[in-house]
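Below is one structure, written out as structure tokens, with a few remarks after it.
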């Protein structure tokens, strides 16, 4: 494992750059994304001027995380409307970009619905496009507000489940911070709230194979916020449970079925089993937009199958400062 003290040389203290923003230069609207495939080595923005470019960014994980995908999808429909493209076709392409994260479809359908309503009321292209953009911005704002509520509710729940003590030791998987939402995240936002209140003793960060979202992104966010954390290999988690070093597990979700089944990053299920065996609280933190009442159970969730080279080719950069 590598701890936060070893990473202090990275000097990461400034606020994180904007993860997603709408820009309107003279040549036309652009959805500007922080390219998460380049983190933590460099902070590079990626401009999407049309839906195919955004679909590519979604599929390559330049933009990722269920809540943020919903926001990006809504802005993607706004791009299509502003360009005068076929909005229905654009919505179809966006919704198919990644099948497991229900928020993507939610954001796309919500924005497309705003377009249809505007057109149905006789709006011209410009006014219809403005209506879609307003809907995307509203979703963006709502997600930021939901992030704050999740952090507050999560802290209350931790206090109920873990009374007393000298701070919480929390294990997290994948990346669930500001890089995945319009606010400060889902599960990570709870840990960040605990840190700000002096109640975070240690954040255990799973590296999260195969694309190392924990090592590359969660460690990056934890370092930026000055949180006490350790980075560990996924298969080291069991030893932490056995040693009594984990007080609770916090994860996000890509989709929650009607029966409460949760689909999340590969590796989440073993943590749930470990937590149950060791009688450790296992907490899923997600906005209501991640709940899919049309999917009856976990077996009905379509799980995305990605390229084999993400496993066979080890090319992802490590977190800055980790030896």
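Residue numbers (this note's numbering): 1 to 323. In this text, a Cβ means the ideal position worked out from N, Cα and C, and glycines have one as well.
For the pair residue 49 and residue 190, the Cα-to-Cα distance works out to about 34 Å. Bridge partners of residue 192 according to DSSP: none are assigned. Counting C-beta pairs with one atom in each stretch, the region 211-224 and the region 98-111 have fewer than three that are closer than 8 Å, which means they do not touch. When the beta-carbon positions are compared, residue 194 and residue 284 stay at least 9 Å from each other. Sequence-distant Cβ neighbours of residue 240 in its own chain, meaning closer than 8 Å and more than five residues away, are 171, 204, 232, 246.
Residue 283 is bridged by DSSP to 250.
Spatial neighbours of residue 128 in its own chain (CB-CB distance under 8 Å, excluding positions within 5 residues in sequence) are listed in chain order as 81, 115, 118, 119. If the five residues before and after residue 98 are omitted, its C-beta is found closer than 8 Å to the C-beta atoms of 58, 59, 69, 104, 304, all from its own chain and listed in chain order. Here the alpha carbon of residue 74 sits roughly 13 Å from the alpha carbon of residue 181. In the displayed model, residue 301 falls within coil according to three-state DSSP, outside both helix and strand. When the five nearest sequence neighbours on each side are left out, the beta carbons in the same chain lying within less than 7 Å of the beta carbon of residue 90 are those of 51, 76, 77, 80, in order along the chain. With respect to residue 228, residue 199 sits apart: the two C-beta atoms are not nearer than 9 Å. In this structure, DSSP gives residue 123 a state outside helix and strand, which the three-state scheme calls coil. Within its own chain, the residues whose Cβ lies closer than 8 Å to the Cβ of residue 280, once the five positions on either side in sequence are excluded, are 241, 246, 247, 248, 249, 274, listed in chain order. Residue environment analysis places residue 86 among the exposed positions, since fewer than 16 neighbouring C-beta atoms fall within 10 angstroms of its C-beta. In this structure, residue 168 and residue 265 do not form a Cβ contact; the two beta carbons are roughly 22 Å apart against a cut-off of 8 Å. Residue state for residue 168 is assigned as strand, using DSSP reduced to three classes.
Selection 43, 64, 24, 38 evaluated against residue 254 yields 64 as nearest (Cα-Cα). It is roughly 28 Å from the alpha-carbon of residue 53 to the alpha-carbon of residue 219. Distances from the CA of residue 144 to each of 177, 122, 276 were compared; the closest alpha carbon is that of 177. Our two residues, residue 155 and residue 66, have alpha carbons roughly 22 Å apart in a direct line. If you draw a straight line from the Cα of residue 134 to the Cα of residue 158, it is about 36 Å long. Between the alpha carbons of residue 137 and residue 161 lies a gap of roughly 36 Å. A straight line joining the alpha-carbon of residue 260 with that of residue 110 spans about 24 Å.
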